[in-house]
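This report refers to the structure that appears directly beneath it.
Chains as they are written, first to last, in this note's numbering: chain A, 27 to 377; chain X, 27 to 377.
As structure tokens, then:
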């Protein structure tokens, strides 16, 4: 099969790999219908995160079950499934607490499972899925999903679940005022999630016309282009002299974390989902003096998917709109380039 | 009148001061019935926080209204009142959000109000209270409170409100497992607050027999004497291999913050109310990797007092048990010494 392999910074190749087979009785093999490039895939692409050896990449995909291991009964060939961005067991204390991203048997796409067996990356033609019953979410579909539905379903793998996590972590609830820092796919999904949770005012911080337009479509009531103190002043101004109840940090840099933190009112909450890079820190005294709550991390997508899926299937949310570019899998290198240069919000790859 | 003045590290004196009078139409003068020494009073006493000039000290007191300013209608002479540990206006956005400790007109006992007029400290015979209607909470009493009730009421000024804030910040709710780091009056009130909020298991980290006994009386189900990794291992062991859902940090040092943070399970919450000192920090990546929520700061005592007062008056909680020593106001220096040397959990001063 063809699969996307990262060799080093800026070096993405689509290569031949063995077609996956069931290795363990709890495995299934999924034929990928669509996958995509994540903002966090850009860290190794940019060399921010090292790539020690060529390795399969991609952690967001949807597809159809092809083969099942002997112990798999809840899934069968032909089932349409969403893969959350990590593998989880569903049985350990963390999974039972809903924190599937801290699973005792956690494994990542493109890595190895807890038996040491290799797992394929998501940006390829097929994937061996370990702990398949607890990891995958089956989508109740009659027939093939159309293009729009496919896109919507694919966002549940990561970005929509992550935007939802940011909103929950920031304690968004009906009537709250919200600021979203970051206008990537996650930030945009954060806007959508905040609207879904009943936020009254949603301020998207964005400087790109296309992203601003999508933010408004997703429910943003205001756009702020300013950054730093000017950005904070603008937020305060828009909210009648007070900062925001809830702020979603969807980038992970030092600057974005500061922007987010300084936008939270006393007693408000900051939800952060951007992987912390570049020395992003939280000064404890700043939190103490303002009673600000900080919460976040990797989204337990597996926990959220059923609830979000219901809204997708009922057409109440349309997160698939973040995919503004679609390419064949063979063009993966160009997909990374387009994302890196911010020519695309999010690129869907079709095997 | 007689009032407690701090002159510098280790130098506490009870001196003569002018008896306070109404200065502004929103003032009242309160004759102090009881006050006490706070763990945070020990920071200037120990020289951790500088004392630039002799200044009135003490921020926890209960008393009886003696005189009222022209604009005060909700309070009258003879009313029994609880003073929260800061002055707040009740009208600014922060007060309306319940975060009275971030009030736009915030002032502290022993400091100055926002008109620049001096405010007496709480450890004295009487106090001019600015913004009296919004600051003080009237206690509906028929006759004088007895000794036990006086003690219970005095804790609402700070320590019980702060323990409650720690528990709320740590998201304590029915069935949760809880660790309390710190066995001072606030930590012990944190135990009581956690029980009041329905926690199932409450582990108090304490090495002092008297405090352990009080922790158990307040609802602790387990005591852990170990510290550092051993303490974390003990918590994990007691909770069947998992860390705690909720951890209350009630000290404020680097060591106690680490102890607390390392006791939280993935997806759990840390509530911190110890004033951060000695370089206490929160590593953002640690939070991100475990989806740990961090929340806390100064307790909005004014917001919590009505709810806690109801439970005190109904004898459902007995937080006044933290006062293990009582002294006349004249012995304030000895009270500080006893607290500093940990011979007393909390000293009540009677003018």
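Think of the CB as a built atom: it goes at the ideal place given N, C-alpha and C, for glycine as much as any other residue.
Quantities reported herein were computed from a predicted structural model and do not represent experimental measurements.
For residue i, the first and last residue of its enclosing alpha helix (DSSP H)
i, result
"residue 178 of chain A", "173-182"
"residue 409 of chain X", "Residue numbering for chain X in the displayed model covers 27 to 377; residue 409 of chain X lies beyond these limits and cannot be assessed."
"residue 445 of chain X", "Look at the range of chain X in this structure, 27 to 377, and you will see that residue 445 of chain X is not part of it."
"residue 263 of chain A", "254-264"
"residue 366 of chain A", "358-366"
"residue 321 of chain X", "Premise fails: residue 321 of chain X lies in the beta strand (DSSP E), 319-322, not in any alpha helix (DSSP H)."
8 Å contact criterion, which residue i and residue j should meet: CB distance rounded
i, j, result
"residue 107 of chain A", "residue 89 of chain A", "6 Å"
"residue 142 of chain A", "residue 30 of chain A", "Not really, about 23 Å apart at Cβ, beyond 8 Å."
"residue 224 of chain X", "residue 199 of chain X", "6 Å"
"residue 355 of chain A", "residue 154 of chain A", "The pair is not a contact, with the Cβ atoms about 18 Å apart (cut-off 8 Å)."
Buried or exposed by the 16-neighbour rule on C-beta atoms within 10 Å, applied to residue i
i, result
"residue 138 of chain A", "exposed"
"residue 56 of chain X", "buried"
"residue 46 of chain X", "buried"
"residue 96 of chain X", "exposed"
"residue 167 of chain X", "exposed"
"residue 70 of chain X", "buried"
"residue 74 of chain A", "exposed"
"residue 102 of chain X", "exposed"
"residue 266 of chain A", "exposed"
"residue 233 of chain X", "exposed"
"residue 147 of chain A", "buried"
"residue 332 of chain X", "exposed"
"residue 86 of chain A", "buried"
Residue i CB to nearest heavy atom of the ligand SAM below 7 Å
i, result
"residue 119 of chain A", "Looking at this structure, you won't find the ligand SAM or any other ligand, since it has none at all."
Whether residue i touches residue j by CB criterion (8 Å)
i, j, result
"residue 268 of chain A", "residue 196 of chain A", "no"
"residue 328 of chain X", "residue 126 of chain X", "yes"
"residue 359 of chain A", "residue 83 of chain A", "no"
"residue 228 of chain A", "residue 221 of chain A", "yes"
"residue 286 of chain X", "residue 207 of chain X", "yes"
"residue 193 of chain A", "residue 169 of chain A", "no"
"residue 100 of chain A", "residue 159 of chain A", "yes"
"residue 256 of chain X", "residue 237 of chain X", "no"
"residue 348 of chain X", "residue 373 of chain X", "no"
"residue 278 of chain X", "residue 319 of chain X", "no"
"residue 231 of chain X", "residue 258 of chain X", "no"
"residue 202 of chain A", "residue 226 of chain A", "yes"
"residue 65 of chain A", "residue 177 of chain A", "no"
"residue 264 of chain A", "residue 244 of chain A", "no"
"residue 91 of chain A", "residue 212 of chain A", "no"
"residue 362 of chain X", "residue 63 of chain X", "yes"
"residue 113 of chain X", "residue 157 of chain X", "yes"
"residue 271 of chain A", "residue 294 of chain A", "yes"
"residue 152 of chain X", "residue 375 of chain X", "no"
"residue 110 of chain X", "residue 52 of chain X", "no"
"residue 310 of chain A", "residue 187 of chain A", "no"
"residue 48 of chain A", "residue 93 of chain A", "yes"
"residue 317 of chain A", "residue 324 of chain X", "yes"
"residue 281 of chain A", "residue 296 of chain A", "no"
Unbroken beta strand (DSSP E) run spanning residue i, endpoints
i, result
"residue 228 of chain X", "227-231"
"residue 191 of chain A", "Run containing residue 191 of chain A: none in the beta strand (DSSP E); it sits in the alpha helix (DSSP H), 185-195."
"residue 55 of chain A", "54-62"
"residue 83 of chain X", "Segment: none, residue 83 of chain X is in no beta strand (DSSP E) and carries neither H nor E."
"residue 241 of chain X", "Residue 241 of chain X -> not in any beta strand (DSSP E); alpha helix (DSSP H) instead, spanning 235-244."
"residue 37 of chain A", "37-42"
"residue 271 of chain X", "270-275"
"residue 29 of chain A", "28-34"
"residue 354 of chain X", "351-354"
"residue 292 of chain X", "290-298"
"residue 155 of chain A", "152-155"
"residue 107 of chain A", "106-109"
"residue 206 of chain A", "203-207"
"residue 249 of chain X", "248-250"
**Report entry** Residues of the segment 112-125 of chain A with Cβ closer than 7 Å to any Cβ of chain X, in chain order
**Finding:** 119, 120, 123, 124, 125
Report task. Determine which residues of the segment 203-235 of chain X have a Cβ less than 7 Å from any Cβ of chain A, and write them out in chain order. Result -> none
Query raised in the report: Taking Cβ-Cβ distances below 9 Å as the criterion, which residues of the segment 307-341 of chain A are in contact with chain X?
Result: 307, 308, 309, 310, 311, 313, 314, 315, 316, 317, 318, 319, 320, 321, 322, 323, 324, 325, 326
Report task. Could you please tell me which residues of the segment 127-148 of chain A, in chain order, have their CB closer than 8 Å to any CB of chain X? Result -> 127, 128
Query raised in the report: For the segment 176-207 of chain A, which residues have a CB atom closer than 8 Å to at least one CB atom of chain X, in sequence order?
Result: 195
Query - Positions along the segment 41-52 of chain X whose CB lies within less than 8 Å of some CB in chain A - result: none
Query raised in the report: According to a CB-to-CB cut-off of less than 9 Å, which residues of the segment 283-294 of chain X neighbour chain A?
Result: 283, 291, 292, 293, 294
Query raised in the report: What residues in the segment 55-80 of chain A have a beta carbon less than 9 Å from any beta carbon of chain X?
Result: none
Requested in this report: Using a Cβ-Cβ cut-off of less than 8 Å, list which residues of the segment 91-107 of chain X approach chain A; keep chain order.
Outcome: none
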